[in-house]
Amino acid sequence: MDSAAVRRRSALSAKWLAWLGWPLLCWSLWAVADSVTGVAPLSTETTYTDPFTPVERAFIDAHPVLRVHNETDWPPFNFNENGRPSGYSIDYMNLLAEKSGFRIEYVTGPSWDEFMQMIRSKQIDVMLNIVNTPERREFLTFTDAYLVAAASIYIRKGDQPVAGLEALQGKTVAIPKGFFWQELLQRYYPKVRLLLLRDSLECLEAVAFGRADATVGMVGVLDYLLQKNFIPNLVLAAQVKDTRFASAMHIAVNKDNPMLRDILQKAMNLVTEQELVAIQRRWGERRAGPSMALSKEERQFVDRHPVVRAHVEKDYSPFLYMQDGRATGYVVDYAQLLAEKIGMEIFFTNERRREEAVAALVGRQVDLILAMEEGPVHRQYADFTRPYLTTYTGVAYRKEQRNLSTLEALRQKRVATVTGYPYATQLKKRFPEMQLLKYPGHQAALEAVSLGEVDAAVMSHPVMRYLIQKNFFSDLATAPVQDDSELKRSQEAIAVRNDWPMLKNLLDRAISQVTTEELNRLKQKWDVQLQGEAFSDVSFTDKEREYLKQRKRIRMCVTPDWMPYESIDEQGRLIGMTADFVKLLEGRLGTPWELVPTRTWGETLQRAKDRVCDVITLAAANPQRESFLRFTTPYVSFPSVIATRNEELFVENIRQVKDRRLGVVKDYAIGKTIRRRYPNLQLVEVASVQDGLRRVRSREIYGLVDAAPTIGYAIRQLGYPDVKIAGKTEFMRELSMAVRSDDPLLFSVIDKAVRATTPEERQQIYSKWINVEYVSGVDYLLIGQILLGVLLILGFFIYQNRRLARYNRQIRLANEQAALKNELLLEKQRELERLSITDRLTRIYNRIKLDEVFNQELRRADRYGQPFAVIMLDVDDFKQVNDRFGHPVGDQVLVEMANLLLSGIRQTDTVGRWGGEEFFIICPQADATGALHLAESLRARIDQHSFPEVGHLTASFGIAVYREGEQEHDMVKRADVALYRAKRAGKNRVEAYDE
10 MDSAAVRRRS ALSAKWLAWL GWPLLCWSLW AVADSVTGVA PLSTETTYTD PFTPVERAFI
70 DAHPVLRVHN ETDWPPFNFN ENGRPSGYSI DYMNLLAEKS GFRIEYVTGP SWDEFMQMIR
130 SKQIDVMLNI VNTPERREFL TFTDAYLVAA ASIYIRKGDQ PVAGLEALQG KTVAIPKGFF
190 WQELLQRYYP KVRLLLLRDS LECLEAVAFG RADATVGMVG VLDYLLQKNF IPNLVLAAQV
250 KDTRFASAMH IAVNKDNPML RDILQKAMNL VTEQELVAIQ RRWGERRAGP SMALSKEERQ
310 FVDRHPVVRA HVEKDYSPFL YMQDGRATGY VVDYAQLLAE KIGMEIFFTN ERRREEAVAA
370 LVGRQVDLIL AMEEGPVHRQ YADFTRPYLT TYTGVAYRKE QRNLSTLEAL RQKRVATVTG
430 YPYATQLKKR FPEMQLLKYP GHQAALEAVS LGEVDAAVMS HPVMRYLIQK NFFSDLATAP
490 VQDDSELKRS QEAIAVRNDW PMLKNLLDRA ISQVTTEELN RLKQKWDVQL QGEAFSDVSF
550 TDKEREYLKQ RKRIRMCVTP DWMPYESIDE QGRLIGMTAD FVKLLEGRLG TPWELVPTRT
610 WGETLQRAKD RVCDVITLAA ANPQRESFLR FTTPYVSFPS VIATRNEELF VENIRQVKDR
670 RLGVVKDYAI GKTIRRRYPN LQLVEVASVQ DGLRRVRSRE IYGLVDAAPT IGYAIRQLGY
730 PDVKIAGKTE FMRELSMAVR SDDPLLFSVI DKAVRATTPE ERQQIYSKWI NVEYVSGVDY
790 LLIGQILLGV LLILGFFIYQ NRRLARYNRQ IRLANEQAAL KNELLLEKQR ELERLSITDR
850 LTRIYNRIKL DEVFNQELRR ADRYGQPFAV IMLDVDDFKQ VNDRFGHPVG DQVLVEMANL
910 LLSGIRQTDT VGRWGGEEFF IICPQADATG ALHLAESLRA RIDQHSFPEV GHLTASFGIA
970 VYREGEQEHD MVKRADVALY RAKRAGKNRV EAYDE
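The sequence shown begins at 10 in the numbering used here and counts up one residue at a time.
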């Protein structure tokens, strides 16, 4: 595309949804819009260019109607209200239809799983709000995301609190069948038992009635359903912190229809910021106003500029960056806080690199650069707020080059900086002989250091630490700049376009009103050490940070042959799961780990006793070891299993083979654990898992007991087709880092780093190394227990049958009464909804509904140039009716008048009571001639009608036809003028405003 049609992606701020007090729904909205033209006034003469190619336009003409999925109960995004599709996604799709020329036929009724089958078989054309997953990409193609919403967990009141998805392991969770959460839970939380149901309402009912322990869903959707359906015993337990469960919603079509996807994407590109804000404000937060007082001039400025555009760096983590298409980070949240105080919206764009963003700020294509250090050059084109972000500058270097950790040491070296940041200018001034190379981004500069293209990189220290940890640059180390006061730290502010001084002043005032509590919440959320030297997701004390700074290395001992957990390869390197965990811990601690080689597990324990090594990377706690080791929180946990020859039967538990010889590896904790539980068991110590499996094959022992991953890995590696995993034991192998007991600070930092590893990180490592198959058998004990339970239940049923019969009638009566009450409540709710838009006397629409229809017709006329007209009528001499016959008779006349009007208008027209004896009619696609014809027809019907008790009455009519650019009050005023003319001309007349 040329520069005049560059796509600009913006992310709407996360909002607290305020409909029903939904306090936790964070949702981020994306828009794709045309390039900015808001600086100069728009020309009154514009040339229209069809954004669609002739082939695309032919496709639209050949397929004018799209069948689009509409859900029954998924508010506020996609639901059906009184037979009408409603919600954010519905409004968004209608907007795309207007821009592309399609007509929409919404399909309502099927479940989510049925909708998925329908789009697969091409019975519908569009899935309106759907998450992009690999499984779905097999038969669907997706547009860009336009909406993101977070997920939360709901449980019954009084149940055990739930902190996250990890706490649902072993519990039953209700999920709509086919929804993408089903795929994620099955893949990443396989121990969660899934109850697959039709929709979100059935999931809530399953939890409420005890069929499930919890359900996962969006706060807004589930809160709406809870209140609408009177389910009082459920509560929101926790937000889902696993970002994979955030619903990044796309529009999807069948993979065989790529042109439709491209047309819809083009239509999304045409959506303006103002249009998107209008939808968001309708379905999102109804903000009452700014939280700080504004002057009249400031209020006028915010009203003129309700949305400002801010540049977001792509890789300035953790302060501001894009994740899954969303703007996020400490600075983004801080900017949203300021925007809330002022009462405006922020759209985030990340299309540009820093130097391009500066040019865009000069050209008024963006309004703000959120984190920028003020300098003489920058002040020529931007105003700067007071600094709000102070960070240390850092040096990144390869670990083997520790001598390059200071600026002085880099005086004649090759140093990477990031284009658009002031470091290059400052370094050139301070160290003219330094060889400076500029890179387009922070990550690119760090990659250059890792690849040896440069000797070091200079940038924000928290940013480099975050990126090194995130991207596993395990060969890089960092150090804060301490030998140069000018470069030691940077104070960043918000750069504001300099033709908006009032915006700069507003931001300064908002910054001054940020409270300590608000700042602490942000810092706690992002765990950012703004003044310190390191960024980490581990909260170390000052004493611990100083300890790590002084610590040169951490010496580790491992089990030399215990795959897939860990092993030492032929080159003397650590491999296996532990190697990946150690990389994570190195990143979090910033201290290298050094392997101390051993030949056996016993030698590893002895080296730890002798303090030759500081840590045993994987060990189980027992009293003997706790005399010289301290054990961190377990980070590896797997069941112990029994491996036997293939011809042996399935083993249900160890008691079943208590007379057999079982092997355990010498000095392993599992052997001691089994002996304590089964002191008479015949245990044989073997040298290793491999040795044990060989003894199983030779029938020297019946079976080998060890962790499932270890035995499974050994069977595959040794190629033993005649050995199988015959069953599980009741013993779990919980393994920890074992740290020397005489160094409490070392234990503290390692334990904190282990605790900081996320379930996602652990699962990724497990999935990489583990693939175990179990041989199942007939569980005769379980069958016996089931049969016994059936017999007991049957006996109890027979015993209680007579007693229960007495209550059946009472229960049936109670159910009938409950059903009747529920139906009455639903009917009452429907009646309340109808009454909100209905005039209480005449039972036709009131001003609220008339205003809504009026605005719809104005938008349609403005976009497509279609005519429409409005008719205002007033009952002639109605005051005399009230004075002569009384107000009850007058009310009956108004009811009769409303019925006459309803029976005389077209099906597409809308009539309502405007006030008193005035009525108002909106006539779509009606020009002056058509409106005059309709008004004259109604006038004649009224003139010929005989009203009860009153007899003959007449009415006067005023007509106004839409003019381009006209607002609602303009048309109403012209119709009112025409009505006044009809009154002055003798009443019982129709007049049109045609000046």
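Glycine included, each C-beta is placed from N, C-alpha and C at the ideal position.
Check: When the Cα atoms are used, what is the spatial distance from Thr766 to Val693?
Finding: In the sequence shown, counting from the first residue as 1, residue 766 sits at position 757. In the sequence shown, counting from the first residue as 1, residue 693 sits at position 684. Answer to the nearest angstrom: the Cα atoms are 37 Å apart.
Notebook entry, point to check: If you compare alpha carbons, which of Glu306, Asn278, Ile355, Leu303 is closest to Pro315?
Noted result: Position 306 of the sequence shown, counted from the first residue, corresponds to residue 315. Of the listed residues, the one whose Cα sits closest to Pro315 is Ile355.
Margin query: Between which two residues does the alpha helix (DSSP H) holding Cys212 run?
Written below: Against the sequence shown, residue 212 aligns to sequence position 203. For Cys212, the enclosing alpha helix (DSSP H) starts and ends at 209-217.
Margin query: Assuming Thr682 is part of the alpha helix (DSSP H), what are its boundary residues?
Written below: The residue given as residue 682 occupies position 673 in the sequence shown. Counting along the chain, the alpha helix (DSSP H) containing Thr682 begins and ends at 678-686.
Next item on the list: Just mark Ala585 as buried or exposed, buried being the case when its beta carbon has 16 or more other beta carbons within 10 Å.
Entry: Locating residue 585 in the sequence shown gives position 576, counting from the first residue. Position check: residue 585 holds Gly in this sequence, whereas Ala was assumed. Counting of Cβ neighbours within 10 angstroms places Gly585 among the buried residues, the total reaching 16 or more.
Checklist line | Tyr989 - containing beta strand (DSSP E), residue span | finding: In the sequence shown, residue 989 corresponds to position 980, counting from 1. Run containing Tyr989: none in the beta strand (DSSP E); it sits in the alpha helix (DSSP H), 977-993.
Item checked: Nearest-angstrom Cα separation, counted from Gly921 out to Val135 -> Mapped onto the sequence shown, residue 135 falls at position 126. Mapped onto the sequence shown, residue 921 falls at position 912. One Cα belongs to Val135, the other to Gly921, and the distance between them is close to 36 Å.
Check: Comparing alpha-carbon positions, which option in Leu614, Ile625, Thr653, Val650 lies nearest Phe640?
Finding: As a position in the sequence shown, residue 640 is number 631, starting the count at 1. Checking every option, the nearest Cα to that of Phe640 belongs to Ile625.
Notebook entry, point to check: In terms of DSSP beta bridges, what is Asp570 paired with?
Noted result: Indexing the sequence shown from 1 puts residue 570 at position 561. For Asp570, DSSP records a beta bridge to Ser576.
Next item on the list: Return the chain-ordered list of same chain residues with a C-beta closer than 8 Å to the C-beta of Arg993, the five sequence neighbours on each side being excluded.
Entry: Within the sequence shown, the letter at position 984 stands for residue 993. Answer for Arg993: no residue qualifies.
Margin query: When you compare the segment 424-439 with the segment 514-526, are there three or more beta-carbon pairs, one atom per stretch, that lie closer than 8 Å?
Written below: The segment 424-439 is not in contact with the segment 514-526.
Item checked: Per DSSP, cross-strand counterpart(s) of Trp602 -> As a first step, residue 602 is located in the sequence shown; it is residue number 593 there, counting from the start. Its beta-bridge partners are Ile563.
Item checked: Closest by C-alpha distance to His961, when choosing among Ala969, Asp952, Gly967, Ile968 -> Locating residue 961 in the sequence shown gives position 952, counting from the first residue. Of the candidates Ala969, Asp952, Gly967, Ile968, the one whose C-alpha sits nearest the C-alpha of His961 is Asp952.
Notebook entry, point to check: Using DSSP with H/G/I as helix, E/B as strand and the rest coil, what is His954?
Noted result: Reading the sequence shown from its first residue, position 945 is the one you call residue 954. Coil at His954, not helix or strand.
Item checked: Nearest-angstrom Cα separation, counted from Leu658 out to Gly786 -> Here residue 786 refers to the residue found at position 777 of the sequence shown. Here residue 658 refers to the residue found at position 649 of the sequence shown. Reliability of the predicted coordinates at Gly786 is poor, the pLDDT of 46 falling under 50, and the value obtained from them is presented with this limitation in mind. Distance between the alpha carbons of Gly786 and Leu658 is about 8 Å.
Notebook entry, point to check: Considering His320, what are the terminal residues of the alpha helix (DSSP H) in which it resides?
Noted result: Locating residue 320 in the sequence shown gives position 311, counting from the first residue. Per DSSP, His320 lies in no alpha helix (DSSP H) segment; the continuous beta strand (DSSP E) that holds it begins and ends at 316-320.
Note to self: Under 8 Å: do the segment 382-402 and the segment 587-597 share three or more Cβ pairs, one atom per stretch?
What the structure shows: Short answer: they don't touch.
Next item on the list: Using three-state DSSP, classify Arg395 as helix, strand or coil.
Entry: Counting from one through the sequence shown, the residue named residue 395 turns up at place 386. Correct three-state label for Arg395: coil.
Checklist line | Spatial distance of His320 from Glu365 (CA atoms) | finding: Locating residue 320 in the sequence shown gives position 311, where the first residue counts as 1. Locating residue 365 in the sequence shown gives position 356, where the first residue counts as 1. His320 and Glu365: Cα-Cα distance of roughly 10 Å.
Check: Do Ile720 and Arg686 have their C-beta atoms within less than 9 Å of each other?
Finding: Translated into the one-based positions of the sequence shown, residue 720 becomes position 711. Translated into the one-based positions of the sequence shown, residue 686 becomes position 677. In this structure, Arg686 does not lie closer than 9 Å to Ile720 by Cβ.
Check: Can you tell me whether DSSP reads Asp788 as helix, strand or coil?
Finding: Translated into the one-based positions of the sequence shown, residue 788 becomes position 779. The predicted position of Asp788 is uncertain, since its pLDDT is 47 and thus under 50; no value can be drawn from it.
Notebook entry, point to check: When DSSP labels each residue in this structure, what does Arg664 get in the three-state scheme?
Noted result: Against the sequence shown, residue 664 aligns to sequence position 655. Helix, per DSSP.
Notebook entry, point to check: Residue range of the alpha helix (DSSP H) that Gly899 falls in?
Noted result: As a first step, residue 899 is located in the sequence shown; it is residue number 890 there, counting from the start. Element bounds for Gly899: 896-913.
Item checked: Distance between beta carbons of Thr142 and Ile184, contact taken as under 8 Å -> Taking the first residue of the sequence shown as position 1, residue 184 is located at position 175. Taking the first residue of the sequence shown as position 1, residue 142 is located at position 133. Incorrect: roughly 14 Å between the Cβ atoms, too far for contact.
Check: Can you tell me whether DSSP reads Glu1000 as helix, strand or coil?
Finding: The residue labelled residue 1000 in the question sits at position 991 within the sequence shown. In the displayed model, Glu1000 falls within a strand according to three-state DSSP.
Notebook entry, point to check: Which word fits Arg764, buried or exposed, when buried means at least 16 other C-beta atoms lie within 10 angstroms of its C-beta?
Noted result: For the purposes of this step, residue 764 is identified with residue 755 of the sequence shown, where counting begins at 1. With fewer than 16 other beta carbons inside 10 angstroms of its own, Arg764 counts as exposed.
Check: DSSP state of Trp121, grouped into three classes?
Finding: Here residue 121 refers to the residue found at position 112 when the sequence shown is read from its first residue. Three-state DSSP puts Trp121 in a helix.
Check: Terminal residues of the continuous beta strand (DSSP E) containing Ile272?
Finding: In the sequence shown, residue 272 corresponds to position 263, counting from 1. That residue, Ile272, is in no beta strand (DSSP E); its alpha helix (DSSP H) goes 267-278.
Checklist line | Opposing strand residues paired with Gly921 [DSSP bridges] | finding: Here residue 921 corresponds to residue number 912 of the sequence shown, with the count starting at 1. In DSSP, Gly921 forms a bridge with Tyr854, Phe929.
Notebook entry, point to check: Alpha carbon to alpha carbon, what distance is there between Ile759 and Ser745?
Noted result: What you label residue 745 is simply residue 736 of the sequence shown in a count that begins at 1. What you label residue 759 is simply residue 750 of the sequence shown in a count that begins at 1. Note on geometry: alpha-carbon atoms of Ser745 and Ile759 lie some 11 Å from one another.
Next item on the list: Would you mind reading off the limits of the alpha helix (DSSP H) that contains Gly721?
Entry: Within the sequence shown, numbered from 1, the residue matching residue 721 stands at position 712. From DSSP, the alpha helix (DSSP H) with Gly721 extends over 717-727.
Next item on the list: Write down the C-beta distance between Leu988 and Asp860 rounded to the nearest angstrom, noting that I regard them as a contact closer than 8 Å.
Entry: Sequence index remark: in the sequence shown, residue 988 carries index 979 (1-based). Sequence index remark: in the sequence shown, residue 860 carries index 851 (1-based). Between the beta-carbon of Leu988 and that of Asp860 there is about 19 Å, and that puts the pair past the 8 Å contact cut.
Margin query: With three or more beta-carbon pairs closer than 8 Å as the criterion, would you say the segment 925-942 touches the segment 962-971?
Written below: Taking 8 Å as the limit for Cβ pairs, the verdict is that the segment 962-971 does touch the segment 925-942.
Item checked: Boundaries of the beta strand (DSSP E) in which Val182 is found, first to last residue -> What you label residue 182 is simply residue 173 of the sequence shown in a count that begins at 1. From DSSP, the beta strand (DSSP E) with Val182 extends over 181-185.
Next item on the list: Closer than 6 Å by C-beta to Cys212: which residues in its own chain qualify, once you throw out the five before and the five after it? Chain order, please.
Entry: As a first step, residue 212 is located in the sequence shown; it is residue number 203 there, counting from the start. In its chain, beyond the 5 residues on either side, Ala183, Leu206, Thr224 have a beta carbon closer than 6 Å to the beta carbon of Cys212.
Next item on the list: Starting from His387, follow its DSSP beta bridges and name the residues at the other end.
Entry: As a working note, residue 387 is residue 378 in the sequence shown. Per DSSP, His387 has no beta-bridge partner at all.
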